[in-house]
Amino acid sequence: MIRELYRRSTLERSFIFSIGLIMSVMLVVIVLLVQQMVAATLRQGLEERGKSVARSIGAVATPSLLAYNHVALQMAAENAAEGLDLAYVAIHTKEGDLAGFAGLDSEGTVRADLQSGGIAGTVASRDLEIRAHDGSFVPVMEVAVPVWVDGVTESWGMVRVGMSRKPVARHLWRLTAGLVLSGLLFSVLAIFFGRWVARAITAPLRRLVEGTEALAEGKYDYRVPVSGSNELAQMAAAFNSMMDRTQSKAEESREFQEALESLNATLEDQVRERTRALEESEEQYKTLVDSSPDSILIIQGGKVRFVNQAFIGAFGVSARRALQPDFKLESLFEPESARVASERLRAWEEGHSTGPCELVGRNSNGAVLHLELRGSRIEYLGAPAAECVVIDNTVAKSLREQLVDTERLRALGELSGGVAHDFNNLLGAILGRAQLLRRENLDESVDLSLSVIEKAAVDGRETVRRIQEFSRTRQERNFNRLELPEIIRDAVEITRTRWKTESERRNINVRLDLSLPGTAAILGKDSELREVFTNLILNALDAMPDGGVLRIRCVQDDGLVIAEVTDSGVGMAEETRRHLFDPFFTTKGQGGTGLGLSMVYGIVTRHGGRIDVTSDIGKGTTFFIEFPVAAMLADLPAESVQSDDGEVPPSRILVIDDEQDIAEILRDVLTAEGHSVEMAGGGQEGLEKVAGTPFDLVFTDLGMPDVSGWEVASTIRENHPDLPVVLVTGWGATLTEEEIAENCIAAVVNKPFDIDSLVNVTTSILGRASSDDPL
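Residue numbers (our numbering): 1187 to 1961.
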């Protein structure tokens, strides 16, 4: 808006407006700065007066405070409030009780607020508003001063006085009004001065404008008067010099015109020279067309009149064949694309302006080509024709599809990271409750079902951790020594409900053939390998819609452990088999994600293995998975959590988590170990409990809406440095040792957690704390 105003205004008005704008901005800045400085000074003075008054009242009230004479303290408060023109006066005893109060408090809110306040050991002040007897609000600065008694190291009470801030506000208002009026007067004077300066500047400029108008009319003898030695005078002198040169050039132009007339006699020679140049240009154009990477054609009357070398190379059609009368360009395209191409060629030849179109064609070898056809009307041999350019986008289309897949992978990584926290909480509730129930010595069949639930939850936990690391390269992996047949049996048990139901409904028989000579182990992660075979079993069931046989074998051969998963289903074509492990490739339509076998391939590769597949349509499919046998001398211990075998006395533990199910599981487990547990539904509530109650250990969630686990740990470290804090989070796998050490975290428990691991962590931390206790 300001730019448009400057563009439409004259230079004089723009200059005046600029001065006015600058003065206005300076006025506002000066008023604000002065107002802030004066306000700070007045506030400091009011605070000092409040301190002085509070100390005077404290000196008078000291004997009554020592004697706990509330009547005398009330009278002292009333006398001070009435005599010193204070909003209110409050006198507290050593214990923080309100012993005397006088002043404005029609609703009792100030008295209630003062009653709930504690006794501090330092001078403090705050701003608040209280309601007067007439219902209006009075701005007040409260100053609190402790009462000290000689020989006593702690304060014997507190005096709070409320100082009205209305006089300060009135003084600021008068000061601001005076500054504004002075600034406005100064701005008016500056504008008048700017107007005088602007006129002095624009007068010579107007004379220059008159000179340019004379120049446009051909009056080369016009000169601008020059007076003075400033920049405007220099500009006028430069303009006059330009007029001198222009007048000289005009005379030269007349001489050139006469010379040009004499050159017209040689025009025929010049035409012959231009004709030769045109022939050279046509030769260059032909070279350019033949060198173009895109196919260029001329179509006239539905027949091909010209093709370049790129067309011959792209479609494998010779120039002689393309120029034959019976050859149709549409024959190179798919039926639907041929119809579109015919319409566009006819439209271009008739002179209609239409945009490019995308076509699908084939070359002489039958390879599919993704093409873009562009064209326009030209004159060729005296008749209208269509000039066409065919651009081969086959490679570009493939690259775009790869880019789309990459973007989908990136989006999936972002989405998976966002939902991993929620899945961990759900799995934590399932795993924790299943482990608690298994401790109650239930019926064997119930315990077996609970063990399946527990194992599935543990596998789910590992799956979520892999999802959290979806976009990151894993630098290390903790593998254990595993028996592959046991992994396969677990996968069969996990999918039992599916294949047993399908067996009854579609007559599918699941046959297990597991045989290993002696003990042969592999190195790996059990949860990931269970996911591999669970995925293969479910895919095999989907491949047998009419029933069949599913065979799973495991053998050892030449230092390898080989698993075979064979179904007698519908099989697959060779084209499908080649793309089977590509991300997002699926044969299940909208029901499939195309990520299952891709993840299987990734897991097998991370374990140093190899996966292959053979298939015949109508006969079935077999997956071969090979893993290297673990070295016999390299037995790896199973994962364990260090625990403290010493006895730990019952302790007070605080659990902070906004997910009630997780908090209740922590409470039940720790209570069963003999500890006293309190729960907090958020970080703020947890900090309040820590401030008011002594605890021996704190468990806190990391991601909470009000106060995060990092903030909880930081606050506890500042106020209670000896209180250990344990993070309970689904992001434990992504935390670095530097982050944990920097925030003084005693331990990290990953969601969903094992009860034994949780108990061992608790015992270890409390055991160290009790051993460090000098008592």
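No residue lacks a Cβ here, since even glycine has one placed at the ideal position from N, Cα and C.
Kindly indicate the opening and closing residues of the beta strand (DSSP E) around residue i.
i, result
"K1489", "1489-1493"
"T1901", "It is not in any beta strand (DSSP E) - T1901 instead sits in the alpha helix (DSSP H) that spans 1895-1905."
"S1862", "1862-1866"
"D1732", "Segment: none, D1732 is in no beta strand (DSSP E) and carries neither H nor E."
"R1838", "1838-1842"
"F1708", "Note on identity: in this sequence residue 1708 is Ile, with Phe being the wrong assignment. Unbroken beta strand (DSSP E) run through I1708: 1708-1710."
"L1766", "No beta strand (DSSP E) contains L1766, which DSSP labels as neither H nor E."
"R1409", "No beta strand (DSSP E) holds R1409; DSSP gives it neither H nor E."
"E1544", "1543-1548"
Tell me the DSSP bridge mates of residue i?
i, result
"F1810", "E1750, D1798"
"Q1486", "K1489"
"I1577", "E1558"
"S1311", "V1329"
"V1345", "I1277, V1331"
"P1671", "Beta-bridge pairing links P1671 to no other residue."
"S1350", "V1326"
"G1286", "I1277"
"T1915", "N1936"
"I1564", "A1571"
"L1883", "I1839"
Taking C-beta to C-beta, are residue i and residue j nearer than 8 Å?
i, j, result
"G1236", "L1259", "no"
"D1843", "D1887", "yes"
"A1707", "E1669", "yes"
"G1561", "L1531", "yes"
"T1720", "T1752", "no"
"T1329", "E1233", "For clarity, residue 1329 is Val in the given sequence; the question names Thr instead. In this structure, E1233 lies closer than 8 Å to V1329 by Cβ."
"R1491", "A1436", "no"
"L1272", "V1239", "yes"
"I1202", "I1377", "yes"
"V1790", "I1811", "yes"
"L1365", "V1220", "yes"
"L1394", "A1422", "yes"
"S1837", "D1882", "yes"
"G1343", "L1213", "no"
"I1748", "V1756", "no"
"V1947", "V1912", "yes"
Rounded to whole angstroms, what's the CA-CA distance from residue i to residue j? Just pull it up for me.
i, j, result
"P1938", "L1944", "10 Å"
"L1822", "V1581", "Bear in mind that a pLDDT of 34 at L1822, under 50, signals an unreliable position, so the number given afterwards is only what the model happens to contain. C-alpha separation (whole angstroms): 49 Å."
"A1267", "I1902", "42 Å"
"G1782", "V1834", "47 Å"
"V1347", "I1851", "50 Å"
"W1382", "S1368", "22 Å"
"D1732", "I1738", "19 Å"
"V1678", "P1671", "10 Å"
"V1815", "V1799", "21 Å"
"V1130", "E1281", "Outside the displayed range of the chain (1187 to 1961) lies residue 1130, so it cannot be described from this structure."
"N1929", "F1665", "29 Å"
"A1620", "V1554", "57 Å"
"E1825", "V1309", "Per-residue confidence for E1825 stands at a pLDDT of 37, beneath the threshold of 50, marking its modelled position as unreliable; no derived number is given."
"A1355", "I1931", "50 Å"
"S1200", "V1211", "16 Å"
"Q1486", "E1565", "10 Å"
"G1304", "S1373", "Any reading at G1304 is ruled out, since the residue's pLDDT is 48, under 50, leaving its predicted position unreliable."
"R1660", "M1785", "The predicted position of R1660 is uncertain, since its pLDDT is 44 and thus under 50; a value taken from the coordinates is nonetheless stated next. Cα-Cα distance, rounded: 14 Å."
"D1283", "I1277", "8 Å"
"V1827", "R1853", "Because the pLDDT at V1827 is just 39, under 50, the model does not fix this residue reliably, and the value given afterwards should be weighed accordingly. Roughly 20 Å between the two C-alpha positions."
"G1910", "I1951", "Looking at the sequence provided, one finds Pro at residue 1910 rather than Gly. P1910 and I1951: Cα-Cα distance of roughly 8 Å."
"V1275", "S1350", "12 Å"
"G1794", "F1813", "7 Å"
Return no unless some Cβ of chain C is closer than 8 Å to the Cβ of residue i.
i, result
"G1804", "Among the protein chains of the structure shown there is no chain C, as only one such chain exists."
How is the alpha helix (DSSP H) around residue i delimited, first residue to last?
i, result
"M1785", "1782-1792"
"A1849", "1846-1858"
"N1936", "That residue, N1936, is in no alpha helix (DSSP H); its beta strand (DSSP E) goes 1933-1936."
"G1972", "As shown, the chain starts at 1187 and ends at 1961. That puts residue 1972 outside it, with no answer to give."
"L1531", "1521-1535"
Is it the case that the CB of residue i approaches a heavy atom of the ligand HEM more closely than 7 Å?
i, result
"V1678", "Ligands are entirely absent from the displayed structure, and the ligand HEM is therefore not among its contents."
The stretch 1511-1523 in contact with the stretch 1543-1554 per 3-pair CB rule at 8 Å: yes
The stretch 1535-1543 / the stretch 1506-1515 touching (three or more Cβ pairs under 8 Å): no
Any 3 or more C-beta pairs closer than 8 Å across the stretch 1567-1579 and the stretch 1475-1485: yes
Cβ contact check for the stretch 1393-1403 and the stretch 1425-1445: 3 or more pairs under 8 Å: yes
Inter-stretch contact at 8 Å, needing at least 3 Cβ pairs: the stretch 1869-1886 / the stretch 1905-1914: yes
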